[in-house]
Amino acid sequence: MHPHLDSPNNAGCWEVIRALDECHARGFLYKASGMCNKAKRDVTLCLRGERIARTKRNHEKAYEKRDKVRESWKEIEENS
1 MHPHLDSPNN AGCWEVIRAL DECHARGFLY KASGMCNKAK RDVTLCLRGE RIARTKRNHE
61 KAYEKRDKVR ESWKEIEENS
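Residues 1 to 80 (UniProt numbering) are what the sequence shown spells out, left to right.
Have a look at this one:
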């Protein structure tokens, strides 16, 4: 379901992850009765936000890289 929660990509979610771990530490019945659902939903939303931000950064880097490649090819064509 979730990626490894202790990875550096999830640094912004450590507080909600810790809250979920504390909730799970209360015991199986507490967890099984749905008492950790809010904490789990918070972790899911936080991880989703982190993923969306990471995707946006990756797209921006890809556009920059593509522009550099286009400029390089343009220079090569001009010098040929």
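All C-beta atoms in this analysis are idealised placements derived from N, C-alpha and C, irrespective of residue type, glycine included. Quick caveat, the model's predicted, so the values are computed rather than measured.
Local conformation of residue i per DSSP, three classes
i: D6; result: coil
i: C36; result: coil
i: residue 88; result: The shown model of the chain, from 1 to 80, leaves out residue 88, and the question about it has no answer.
i: S80; result: coil
Buried versus exposed, by CB contacts within 10 Å (16 or more), residue i
i: L47; result: buried
i: N10; result: buried
i: V16; result: buried
i: L29; result: exposed
Nearest-angstrom Cα separation, counted from residue j out to residue i
i: S80; j: R66; result: 21 Å
i: M35; j: V43; result: 14 Å
i: R18; j: H59; result: 30 Å
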